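Residue numbers for the sequence shown follow this note's numbering, beginning at 1 and rising by one. Ideal placement from N, C-alpha and C gives every residue a C-beta, glycine not left out. Because the structure is a prediction, the values reported are computed rather than measured.
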Amino acid sequence: MATTHGLNGEGQQDDGERKWSTPLAKQLAEAIETTGPIPLASYMRMCLTADIGGYYTGALGEGRDPFGRTGDFVTSPEISQVFGELCAIWFVAEWMAQGRKTSGVELIEVGPGRGTLMDDMLRTIHRFPAMAKSIDAIYMVEASPDLRMVQKNLLCGEDAPMTESKAGYHSVCKYGGLPIVWTETIKSIPIGPEKTPFIMAHEFFDALPIHAFQLVSVPATQSLPRAANDNSAPSTKTSHPTLQWREFVVTPTPPGSTHDSLNTPPTQSRLFPPPDFQLTLSPTPTRHSLYLPELSARYRALKSTFGAGALLEVCPDLALYAADFAARIGGSALRPKPNPSGAALILDYGPGDGSVPTNSLRGIRAHRRVSPFSEPGLTDLSADVDFAALAEAATRASEGVEVHGPVQQADFLEAMGIRERVEMVLRSGKLTPKQEKVVKGAWERLVDRGPGGMGKVYKALAILPENEGRRRPVGFGGDLVDG
Ligand code: SAH
């Protein structure tokens, strides 16, 4: 089918089909032509993890790597091994503070990228043999088959076989011969009251799809149209203007669009083709606009605080993952855990003051900000992480957990001893002057609180077994325990 959606009345019909910038763009345009505009979350999910042509699932093609100087972005574990070492120390301190379990410990990482962070963590944990011995298994939640292989090669060796079972993909780690299991979602990892899960999430939550909404004032007596396909919402009439949420949906840009005609903002590079798609506000309620903004008192308060025009982003998957972490650590109504244990450490970027993220969807390509709608599948997409929503979902899901933070990454890393660790590396006498410069530069970047650094923009949040706030974890205002 010719994908000419959006041509209506524009008089630009040409004799050929519209050329889409990627195969995924064509597929998305065809889906929109059939079903109508799609929620931003559906667009994001397809762009990042579609079976064919998603950013993390094959669009980049063999040999192209999202990470590093020649890729699209750089992450903290790729900047400095000290980052992963300090995360490991944080888990070791928790393991000690929770009574040094001798078995049932598992390491879980969601979104492990190249596997660098897990590698640095395992190397460090193996300096604490009692903890290393307590680990039963390592689980890696990874959507990308390519990155799964990269992780396997790093953690198990290029020659190590990988086998497939109903549970996932399996191999054996070079550290202590521990079994590693790869799954595509966290749901596939078994849960048990006797388990002590230590869960790491670095730059994972920012890759989860978001819905975006805006509050609009609906004039009095206008009858509220029903959401498409929704028979449950009664059609109502209002006697006074009401504030209602409308969802941002994705539609194709007009054919022949250019960066100029679309007013691509100066913050976005014009080096790549003009966007195939754009965001528009749905004129009528959608299935999601009727319930997602009502789920939390924080969202509902926006009506009185900001009124018409207020923006809101909601990430349902973030709440699912946070609730899952919490239930594993603290138990849940469905799966009680008499003795909560384990911990989750989440590092990512987003507001740390409890405000909801707005306008935070971004496209990244070759270390530049680009339109999130340019070359779908080839552009990395991410959004600010709503740490308050994370905390709320975790504490709602389990009475057995408490949440600490978010604190700025710089504060967390400094409390974990980044300065001392870097100084130790510098004093070792093993580095060339050039290497010394790299180590110092990396450290500065991780804790730099300026707009270009990662110290303030990135935050750390911890989910721990409930202890009435008596013991603050290290890095969040607590002390390292002896030992
Ligand atoms: N933590 C790593 C990688 C961050 S990039 C680092 O800091 O370097 C995001 C990672 O999450 C990638 O490994 C990507 O493949 C994975 N990912 C993205 N969306 C996912 C999803 N929905 N489910 C599972 N993994 C996902």
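Taken through DSSP and simplified to helix, strand or coil, Gln409 comes out as helix.
Nearest in C-alpha terms to Met96, of all of Leu312, Ser217, Ala130 and Gln278, is Ala130. For Glu94, the enclosing alpha helix (DSSP H) has its first and last residue at Gln81 to Ala97. Here Glu444 is not bridged, per DSSP, to any residue. The three-state reading of DSSP puts Gly256 in coil, since its state is none of H, G, I, E or B. Ala327 places its beta carbon less than 8 Å from that of Ala397. Using a 10 angstroms sphere on the CB of Thr102, the tally of other CB atoms stays under 16, which defines it as exposed. A residue is called buried once 16 or more other Cβ atoms fall within 10 Å of its Cβ, and Asp276 is buried on that count. Counting the other Cβ atoms within 10 Å of the Cβ of Leu281 gives fewer than 16, which makes it exposed.
Three or more Cβ pairs closer than 8 Å define a contact, and the segment 80-100 meets that threshold against the segment 416-433. If you look at Asp348, you'll find it in the beta strand (DSSP E) that goes Ala343 to Tyr349.
In the assembly as shown, Val385 is a buried residue. Its beta-carbon has 16 or more other beta-carbons within 10 Å.
Shortest Cα-Cα distance from Gly478 to any of Ser296, Ala93 and Gly176 involves Ala93. In the three-state reduction of the DSSP assignment, Tyr43 falls in the helix class. At least one heavy atom of the ligand SAH is found less than 7 Å from the C-beta of Val141.
Here the alpha carbon of Ile189 sits roughly 11 Å from the alpha carbon of Ala137. Not one heavy atom of the ligand SAH lies closer than 7 Å to the C-beta of Ala383. In this structure, Pro241 keeps its C-beta atom at 8 Å or more from the C-beta atom of Ala207. Rounded to whole angstroms, the separation of the alpha carbons of Ser374 and Ser21 is 8 Å. In the three-state reduction of the DSSP assignment, Arg335 falls in the coil class, being assigned neither a helical nor a strand state. If you look at Gln27, you'll find it in the alpha helix (DSSP H) that goes Pro23 to Thr35. Spanning the alpha carbons of His170 and Leu262 requires a straight line of approximately 48 Å. Remark: the shortest separation between the CB of Pro451 and any heavy atom of the ligand SAH does not fall under 7 Å. Residue environment analysis places Lys187 among the exposed positions, since fewer than 16 neighbouring C-beta atoms fall within 10 angstroms of its C-beta. Per DSSP, Met118 is one residue of the alpha helix (DSSP H) stretching across Thr116 to Ile125. In this structure, the C-beta of Glu78 approaches the ligand SAH to less than 7 Å from one of its heavy atoms. In this structure, Glu203 has its CB closer than 7 Å to one or more heavy atoms of the ligand SAH. Counting other Cβ atoms within 10 Å of its Cβ, Leu155 reaches 16 or more and is therefore classed as buried. For Tyr169, the pairing in a beta bridge is given by DSSP as Glu164 and Trp182. Here Pro37 really is in contact with Val250; their C-beta atoms are around 6 Å apart, less than 8 Å. For Gln244, the secondary structure class from DSSP, reduced to helix, strand or coil, is strand.
By the neighbour-count criterion, in which 16 or more other beta carbons inside 10 Å mark a residue as buried, Ile364 falls on the buried side. Distances from the CB of Ala366 to the heavy atoms of the ligand SAH are all 7 Å or more. With 16 or more other Cβ atoms inside 10 Å of its own Cβ, Glu392 counts as buried.
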